[in-house]
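Let me begin by presenting the structure, written as structure tokens, before commenting on it.
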Amino acid sequence: NAGVTQTPKFQVLKTGQSMTLQCAQDMNHEYMSWYRQDPGMGLRLIHYSVGAGITDQGEVPNGYNVSRSTTEDFPLRLLSAAPSQTSVYFCASSYRGFGANVLTFGAGSRLTVL
Amino acid sequence: DAKTTQPNSMESNEEEPVHLPCNHSTISGTDYIHWYRQLPSQGPEYVIHGLTSNVNNRMASLAIAEDRKSSTLILHRATLRDAAVYYCILRDPNRGSQGNLIFGKGTKLSVKP
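Respectively, the protein sequence lines represent chains Z and R.
Be aware that the first sequence starts at 303, since it is given in my numbering, and climbs by one per residue.
Be aware that the second sequence starts at 132, since it is given in my numbering, and climbs by one per residue.
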């Protein structure tokens, strides 16, 4: 049972380059989300999805795109990387349903934009 | 959105109990109280959650005040591995898309040998 898998673990980009951070879960979770964490800060929600084909914006969506074509995968795309996007990115997933949804997080992807 | 207030940092000695406080005076009747922790260089991990009653699991206990305006995460015997940032978060599962977890800065717990 792999849980939530994020790739790559580390990435260095130049300003203006594009890339995709991959996130996959094998728990058949309906809900998936992307957070970013800057030094000394808590996590901020970028985008989330409540099921295949459904996505919505979180607190800091600018500069990022997402899609959800399958239940398992939720990639995060940076269209034109900027130094302000240097951060650690976490993907998370959970079941939806009555009661409190417990999130399972990936190990994170550390991105540096030069 | 209801917010939480936690101390920035706390210290504990190994094998002693730790009480991590959280104030949430604007909590609504349907907000669950979640605790997550983040070990160094790792993603957050779930610790415990509750609504009204005190809760226990293998990791910790959650004591919720009768008026629900505050709660305390209790680690019964701190180990060096418990050194982490602990986040107290409110979430309403019935708010649909607005029910996402909002992380603050949390409490950084240091554990001394």
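Heads up, the beta-carbon is just placed ideally off N, CA and C, and yes, glycines get one too.
Quantities reported herein were computed from a predicted structural model and do not represent experimental measurements.
Considering only C-alpha positions, which residue in the set the options is nearest to residue i?
| i | options | result |
| --- | --- | --- |
| residue 164 of chain R | R:182, R:156 and R:151 | R:182 |
| residue 203 of chain R | R:134, R:215, R:151 and R:140 | R:151 |
| residue 212 of chain R | R:175, R:171 and R:141 | R:171 |
| residue 340 of chain Z | Z:394, Z:362, Z:325 and Z:404 | Z:362 |
| residue 135 of chain R | R:241, R:232 and R:244 | R:232 |
| residue 234 of chain R | R:140, R:143, R:218 and R:155 | R:218 |
| residue 414 of chain Z | Z:313, Z:308 and Z:405 | Z:313 |
| residue 392 of chain Z | R:169, R:221, R:240 and R:214 | R:169 |
| residue 220 of chain R | Z:405, Z:397 and Z:386 | Z:405 |
| residue 403 of chain Z | R:141, R:145, R:144 and R:179 | R:179 |
| residue 154 of chain R | R:237, R:243 and R:244 | R:237 |
| residue 334 of chain Z | Z:321, Z:322 and Z:360 | Z:360 |
| residue 138 of chain R | R:201, R:145, R:176 and R:189 | R:201 |
| residue 383 of chain Z | Z:307, Z:304 and Z:321 | Z:321 |
Taking CB distances under 8 Å as the criterion, tell me whether residue i reaches chain Z.
| i | result |
| --- | --- |
| residue 229 of chain R | With a pLDDT of only 48 at residue 229 of chain R, under the threshold of 50, the placement of this residue in the model should not be trusted; the figure read from the coordinates follows. Answer no: the Cβ-Cβ gap between residue 229 of chain R and chain Z never drops below 8 Å. |
| residue 175 of chain R | yes |
| residue 218 of chain R | yes |
| residue 160 of chain R | no |
| residue 193 of chain R | no |
| residue 134 of chain R | no |
| residue 151 of chain R | no |
| residue 236 of chain R | yes |
Using the C-alpha atoms, what's the distance from residue j back to residue i?
| i | j | result |
| --- | --- | --- |
| residue 160 of chain R | residue 167 of chain R | 21 Å |
| residue 310 of chain Z | residue 198 of chain R | 45 Å |
| residue 416 of chain Z | residue 379 of chain Z | 17 Å |
| residue 365 of chain Z | residue 381 of chain Z | 7 Å |
| residue 162 of chain R | residue 316 of chain Z | 42 Å |
| residue 385 of chain Z | residue 352 of chain Z | 30 Å |
| residue 337 of chain Z | residue 319 of chain Z | 21 Å |
| residue 327 of chain Z | residue 373 of chain Z | 8 Å |
| residue 407 of chain Z | residue 173 of chain R | 9 Å |
| residue 240 of chain R | residue 388 of chain Z | 26 Å |
| residue 377 of chain Z | residue 343 of chain Z | 23 Å |
| residue 187 of chain R | residue 244 of chain R | 25 Å |
| residue 325 of chain Z | residue 345 of chain Z | 17 Å |
Does the beta carbon of residue i come closer than 8 Å to any beta carbon on chain B?
| i | result |
| --- | --- |
| residue 404 of chain Z | The displayed structure is made up of protein chains Z and R, and chain B is not among them. |
From the DSSP output, which residues share a beta bridge with residue i?
| i | result |
| --- | --- |
| residue 353 of chain Z | Z:356 |
| residue 367 of chain Z | Z:379 |
| residue 317 of chain Z | Residue 317 of chain Z is not bridged to any residue. |
| residue 394 of chain Z | Z:335 and Z:407 |
| residue 384 of chain Z | None, per the DSSP bridge assignment. |
| residue 137 of chain R | According to DSSP, which records beta bridges pairwise, residue 137 of chain R is partnered with nothing at all. |
Just checking: is the beta-carbon of residue i within a distance shorter than 8 Å of some beta-carbon in chain R?
| i | result |
| --- | --- |
| residue 410 of chain Z | yes |
| residue 312 of chain Z | no |
| residue 407 of chain Z | yes |
| residue 335 of chain Z | yes |
| residue 392 of chain Z | yes |
| residue 343 of chain Z | yes |
| residue 366 of chain Z | no |
| residue 355 of chain Z | no |
Uninterrupted beta strand (DSSP E) stretches inside the region 147-217 of chain R (no shorter than 3 residues)
Complete beta strand (DSSP E) runs here, min 3: 149-154, 163-169, 176-181, 192-195 and 201-206.
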